[in-house]
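Enquirer: Quick one: structure below, then a few questions.
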Amino acid sequence: MEGQGRFRRLWNVIVKYRAIYFLLLPGLIWYLMFAIAPLSGLQLAFKTYKANLGIFGSPFTGWANFRRVFHDVNFWNAIRQTLLINVVRLIVTFPFPILMAILFNEMRFHKVKNPLQVVFTLPHFLSWVIIASIFNNLLSFDGFVNNIIASLGLERVKIVGSTSAFMPLLYYTDIWRTAGWNTIVYLAAITDIEMEQYEAAEIDGATRFQMITHVTIPSIRGTIIIMFILATGNIMTAGFNQVFNMSNAAVRSVAETLDMYIYRITFQAAPDFGFSMAITLFRSVINMLLLLVADRGSKMMGGNGLFSMNQSA
Amino acid sequence: MKKKTENYSKSKIMGIDVVLLIILVFLALQVVIPLVHVIAMSFSTQKEYLDTPLLLVPVRPTLDAYRALFADGRIWIGYRSTLTLVLLGVPVNMLLTTTLAYALSRGNFPGRKALMYLIVFTMLFQGGIIPLYLIMKTYKLIDSFWSCVFATGINTFYMILMMNYFSGIPIALVESARIEGAGEWRILGQIVLPLSLPILATVGLYYVSDRWNEWYNPMIFINSTGKTVLQLVLRNIVNDTKQAEDFVYEGMKELPFTSGVKMAAVVMTMLPVMCVFPFLQKYFIKGMRVGAVKG
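Shown next, in the form of structure tokens:
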């Protein structure tokens, strides 16, 4: 009898919220079919994939794939290269939008601000395919940049296809594409600073530089820290699109990040899905832990975290 | 609204402002010059390119590179495929995103929390391309545009952006409508959506731009050459080792300039973005500001 009452109550709830449940149905079905269902493929990490037997029918081999992964030299090289590229990337590229936001805010020629912002934010909407095409051309041996070098009477340098130039090239193009866009976040934070703070500083006789270091930067410190923590959450995955398009066979030794390695072994002539899946699963777990730490960290700093679910912005 | 900082920088101009302007213009030129050079190359002859080391404006512009590119034909396949992907994909994106964001913004109905956890989990934990490929095979979507359409059906960040915007709509408006007897559908159609046009425009533009730039999923899921998307066509043209002799077209006077043809492909691929972006920039930026991290 009690069970029946519960069903009745549940039914009443569904009827009451029927419009909402109906509205969320398409989205829910999408998540189940295209975000959750694929995860069933992860079991391949513990199996030897046989195309004729399918995912579920393939023989179970326990941790064998993982043992092979952890004994794979290329795997460890890829991990090292991923961390190297992305840690240096964070250090090199992170401060840039902050500096640009401060410069932009200080600059008093207001008529040029809007055109400048169009220029700075546009590259964010160009794909890495386009950007790689542009820079591979520009930096080629007889390209624009080398023409400048040559016209200054210097020797032409090999930039595209050089292993030592590859990482700097990644950072330069990363700044080229994203710095202007990320500036918006800091400019929004600067706009929220109250005018009185600057007026008070002015009365105290602060120079403009002192206003930057004593008012502007302290006021956006929270935003800076949160952006930094969030960026660290992506350290395992950052830059795949970029590296994929900017690299070529000549620079593979420095360009093979974990995602690049997974791509190469997955789409080679005779793929070993079990092995690829084991690496992918390992990567996904590490990445989830990093994101959770980043999320917790940004919340501790008073931010919304990665998944600001209940705030109105 | 608080008194904003913009006033702070309205005071008199000093020498340092000129320095700042020069620095910013120098940075802007680093964005502009590569683009201008690429466009100039696409309009120049090989001779002019070789004679002008720092080519920014071709003196004798020519359309030969474009003629060769159009005669080659792949670029049109790319345009057709990418337009198909945009026209199929963006409506699906918007429908799925708007309905879910609205439902989730409407208070604490039973099951909301569980659904939230499910969504956050999909952001935290991603299985990568192989499971997605295998599931597309199961659904028999391989080599169909629908595989790409559904692979990125909802961008969770955009969904949250929209949800937060919907939650920010004054509850009084919704409540008074409800008292007057409006159902959930009328509230959505007549109150929430009209008030949400800015966020709908912003998220819609993000989806259009993402679809336009899409290449990875199409590269994995679609294998017919007739369905190659624009970005991949560009990749092929730029990376292929075709010589000038391969780009032959009717009425050709001299062999085309291969690098010029490649850059013409770059220009054709970024043309819509460059034409549309400056006019819609404020909508693009709005989303970033609304979603900006609060310190």
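One line per chain: the protein sequences are E and Y, in this order. Heads up: the first sequence begins at 1 in my numbering, then just goes up one per residue. Heads up: the second sequence begins at 1001 in my numbering, then just goes up one per residue. Note that beta-carbon positions come from the ideal geometry of N, C-alpha and C, so glycine has one too.
Can you check DSSP and say which residues form a bridge with E/Lys-47?
Expert: In DSSP, E/Lys-47 forms a bridge with E/Phe-60.
Enquirer: Out of curiosity, what's the CA-to-CA distance linking E/Gly-54 and E/Lys-47?
Expert: Near 11 Å, if we compare the C-alpha coordinates of E/Lys-47 and E/Gly-54.
Enquirer: So, for E/Leu-152: in the same chain, excluding its five sequence neighbours on each side, which residues have a beta-carbon less than 7 Å away from its beta-carbon?
Expert: Around E/Leu-152: no qualifying Cβ.
Enquirer: Measuring alpha carbon to alpha carbon, tell me which of E/Met-107, E/Asn-12, E/Leu-83 and E/Ala-51 ends up nearest Y/Val-1019.
Expert: Closest option to Y/Val-1019, Cα to Cα, is E/Met-107.
Enquirer: Find the residues of chain Y that neighbour E/Ile-79, judging by a C-beta separation of less than 7 Å, and give them in chain order.
Expert: Here the premise fails: no neighbours, minimum Cβ distance about 16 Å.
Enquirer: When we look at the beta-carbon of Y/Phe-1284 and count the other beta-carbons within 10 Å, is it buried (16 or more) or exposed?
Expert: Y/Phe-1284 comes out buried.
Enquirer: For a contact meaning CB atoms closer than 8 Å, what does E/Pro-26 contact in chain Y?
Expert: The answer, in chain order, is Leu-1095, Leu-1096, Thr-1099 and Leu-1100.
Enquirer: What three-state label does DSSP hand E/Thr-216 in the structure shown?
Expert: Helix at E/Thr-216.
Enquirer: I'd like to know whether the C-beta atoms of Y/Thr-1045 and Y/Asp-1017 end up nearer to each other than 8 Å.
Expert: No, these two residues do not count as a Cβ contact at 8 Å.
Enquirer: Using the Cα positions of E/Thr-223 and Y/Lys-1282, report the straight-line distance between them to the nearest angstrom.
Expert: Going by the C-alpha atoms only, they are around 22 Å apart.
Enquirer: Name the chain Y residues whose beta carbon is nearer than 7 Å to that of E/Asn-147?
Expert: Those are Pro-1053 and Leu-1054, listed as they occur along chain Y.
Enquirer: Check distances from the C-beta atoms of the stretch 28-61 of chain E to those of chain Y and list, in chain order, the residues that come in under 8 Å.
Expert: Answer in chain order: Leu-28, Trp-30, Tyr-31, Met-33, Phe-34, Ala-35, Ile-36, Ala-37, Pro-38, Leu-39, Ser-40, Gly-41, Leu-42, Leu-44 and Ile-55.
Enquirer: Helix, strand or coil: how does DSSP classify E/Met-236 here?
Expert: If DSSP states are grouped into helix, strand and coil, E/Met-236 belongs with coil.
Enquirer: Is the separation between the beta-carbon of E/Ile-217 and that of E/Ser-298 shorter than 8 Å?
Expert: Contact flag unset, no.
Enquirer: Counting Cβ pairs closer than 8 Å, one from the stretch 1182-1201 of chain Y and one from the stretch 10-24 of chain E, do we hit at least three?
Expert: These segments touch.
Enquirer: Determine the closest residue to E/Asn-241 out of E/Val-73, E/Leu-116, E/Leu-84 and E/Ile-130, with distance taken between C-alpha atoms.
Expert: Among E/Val-73, E/Leu-116, E/Leu-84 and E/Ile-130, the Cα nearest to that of E/Asn-241 is on E/Ile-130.
Enquirer: By Cβ distance, which residues of its chain are closer than 7 Å to E/Asn-245, with the 5 residues on each side in sequence left out?
Expert: Excluding residues within five positions, the ones whose Cβ falls inside 7 Å are Trp-128, Val-129 and Ala-132.
Enquirer: Does the CB of E/Asn-234 have a neighbour CB from chain Y at under 8 Å?
Expert: Answer no: the Cβ-Cβ gap between E/Asn-234 and chain Y never drops below 8 Å.
Enquirer: Roughly how far, in whole angstroms, is the beta-carbon of Y/Val-1038 from the beta-carbon of Y/Met-1274, given that I think they are within contact range, below 8 Å?
Expert: With a Cβ gap of about 11 Å, Y/Val-1038 and Y/Met-1274 do not count as contacting.
Enquirer: Please tell me whether E/Leu-23 and Y/Thr-1097 are closer than 8 Å, where the distance is taken between their beta carbons.
Expert: Not in contact: E/Leu-23 and Y/Thr-1097 (Cβ atoms no closer than 8 Å).
Enquirer: If you measure from the beta carbon of Y/Gly-1153 to each beta carbon in chain E, is any gap under 8 Å?
Expert: Yes, Y/Gly-1153 lies at the interface with chain E (some Cβ there is under 8 Å from its Cβ).
Enquirer: Can you give the Cα-Cα distance for Y/Thr-1258 and Y/Thr-1269, rounded to whole angstroms?
Expert: About 17 Å.
Enquirer: Quick check on the burial criterion: 16 or more other C-beta atoms within 10 angstroms. Buried or exposed for Y/Gln-1030?
Expert: Exposed, because fewer than 16 other Cβ atoms sit within 10 Å of the Cβ of Y/Gln-1030.
Enquirer: If we cut at 8 Å on Cβ distances, does E/Ser-247 have a partner in chain Y?
Expert: With 8 Å as the cut-off, E/Ser-247 does not count as an interface residue toward chain Y.
Enquirer: Determine the contact status of Y/Leu-1054 and E/Ile-149, defining contact as a CB-CB distance below 8 Å.
Expert: Not closer than 8 Å, so no.
Enquirer: Would you mind giving the Cβ-Cβ distance between E/Phe-273 and E/Leu-44, rounded to the nearest angstrom? I have them listed as a contact below 8 Å.
Expert: Right, the Cβ-Cβ distance comes to about 5 Å (below 8 Å), so this counts as a contact.
Enquirer: Exposed or buried, Y/Pro-1091, counting other C-beta atoms within 10 Å across all chains shown (16 or more means buried)?
Expert: Exposed, by the Cβ-count rule.
Enquirer: Roughly how many whole angstroms lie between the Cα atoms of E/Trp-176 and E/Leu-126?
Expert: C-alpha separation (whole angstroms): 11 Å.
Enquirer: Within the 8 Å Cβ cut-off, does Y/Leu-1141 reach chain E?
Expert: By this cut-off, Y/Leu-1141 is not an interface position.
Enquirer: If you draw a straight line from the alpha carbon of Y/Met-1117 to that of E/Arg-156, how long is it in whole angstroms?
Expert: Reading the sequence as shown, one finds Tyr at residue 1117 of chain Y and not Met. Rounded to whole angstroms, Y/Tyr-1117 to E/Arg-156 spans 56 Å at the Cα level.
Enquirer: Work out the CA separation of E/Gly-57 and Y/Leu-1141 for me, nearest whole Å.
Expert: Their backbone Cα atoms lie some 22 Å apart in a straight line.
Enquirer: Nearest to E/Ala-335 by CA position, among Y/Asn-1093, Y/Phe-1121 and Y/Met-1014, is which residue?
Expert: Absent from the model: residue 335 of chain E. The displayed extent of chain E is 1 to 313, so no value can be given.
Enquirer: Using a C-beta to C-beta distance shorter than 8 Å, which residues of chain E count as neighbours of Y/Arg-1106?
Expert: Those within 8 Å of Y/Arg-1106 in chain E are Ile-20.
Enquirer: At a CB-CB cut-off below 7 Å, which residues of chain Y make contact with E/Tyr-17?
Expert: Within chain Y, the residues near E/Tyr-17 are Phe-1109.
Enquirer: Buried or exposed, going by whether 16 or more other CB atoms sit within 10 Å of the CB of Y/Glu-1048?
Expert: With 16 or more other Cβ atoms within 10 Å, it is buried.
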